[in-house]
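Novice:
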Amino acid sequence: MVSNFNLCIERADNELYLARSIQLLSDNSKLKKEYFNLEDSMTFYSAVIAHAYYAIFYSAKAYLISKGINIPEQGQHQYVYYKFKKIIKTGELDKKLLNIYEDAKIKADSLLLIMEDEKEKRNTFTYKTLPQANKGPAEKSIENAQFFIVHIKAILAEK
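Remember, the numbering used here sits 242 above the position in the sequence shown when you count from 1.
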C-alpha cells in the first residue's frame, strides 16, 4: 500500500505533468487538429491553472504529512493552507530553505505567496473567464508549481 505521503508526492508530480500536457495541447495547433479533432481556437488554460494549483496543494500536503500532521477528509484545502501558513510563520521552513539554497536566498514566504496566488487564480480563471484568455496566467502557474514542488521536495529529501 502506498503511504499518504508518497501518494501526495506522486499526485503533485502527476498534476504538474498534466498541467504541462494540457498547456502543450492548448498551444499546439497540429495536436489539436490531427489527434483530437479540435478547432484551433479551443484552449484549456483554465485546466492548466487548476492542475498547477493541485500540484502545489499536494506537495504542501505531503510536507504536512511528513511532519506528522493528520489532514481531515473534509475541508482539506483550507486546512492545508492554514497549517502550511502557520509553519511558515514560525520560521521553520526558512531555515531549511536557507540551508539548502544559501545562494538563492529563497524564503518560505515566497512559497506561501505562490500558494495564495495560485489558489486565487484557480478560482478566478476556472470560473470567471474564458479559457482562451488564460494563456499567460497558465504559463505562470506552471512556473510557480514547478518552483514550489522543487523546493518542497528538497526540504523533504533533507529529512
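Ideal Cβ placement from N, Cα and C applies to all residues, glycine included.
Please list, in chain order, all residues of the same chain as I298 whose beta carbon is under 6 Å from its beta carbon, the five residues on each side excluded.
Specialist: Residue mapping note: residue 298 aligns to position 56 of the sequence shown, counting from 1. Taken in chain order, the residues that qualify are M357, E360, A387, F390.
Novice: How would you write the range of the alpha helix (DSSP H) that P314 sits in, first residue to last?
Specialist: Within the sequence shown, numbered from 1, the residue matching residue 314 stands at position 72. Element bounds for P314: n/a, residue is neither H nor E.
Novice: Helix or strand or just coil, what does DSSP make of K349?
Specialist: Your numbering for residue 349 matches position 107 in the sequence shown. Only weak support exists for where K349 lies, its pLDDT of 48 falling under 50; the value from the coordinates is given anyway. Note: K349 maps to coil in three-state DSSP.
Novice: Hey, out of T332, L273, Q318, whose CA is closest to E281's CA?
Specialist: Counted from its first residue, the sequence shown places residue 281 at position 39. If we check each option's Cα against that of E281, L273 comes out closest.
Novice: Quick one: give me the first and last residue of the alpha helix (DSSP H) that L398 is part of.
Specialist: By 1-based counting over the sequence shown, the position of residue 398 is 156. L398 -> alpha helix (DSSP H) spans 377–400.
Novice: Nearest to I311 by alpha carbon, out of E400, D255, I329?
Specialist: Here residue 311 refers to the residue found at position 69 of the sequence shown. When each option's Cα is compared against that of I311, the closest is I329.
Novice: State yes or no: is the C-beta of I307 within less than 9 Å of the C-beta of S383?
Specialist: Sequence index remark: in the sequence shown, residue 307 carries index 65 (1-based). Sequence index remark: in the sequence shown, residue 383 carries index 141 (1-based). For I307 and S383, no; Cβs fall outside 9 Å.
Novice: For A380 and D269, what's the separation of their Cα atoms in angstroms?
Specialist: Mapped onto the sequence shown, residue 380 falls at position 138. Mapped onto the sequence shown, residue 269 falls at position 27. The alpha-carbon atoms of A380 and D269 are separated by roughly 11 Å.
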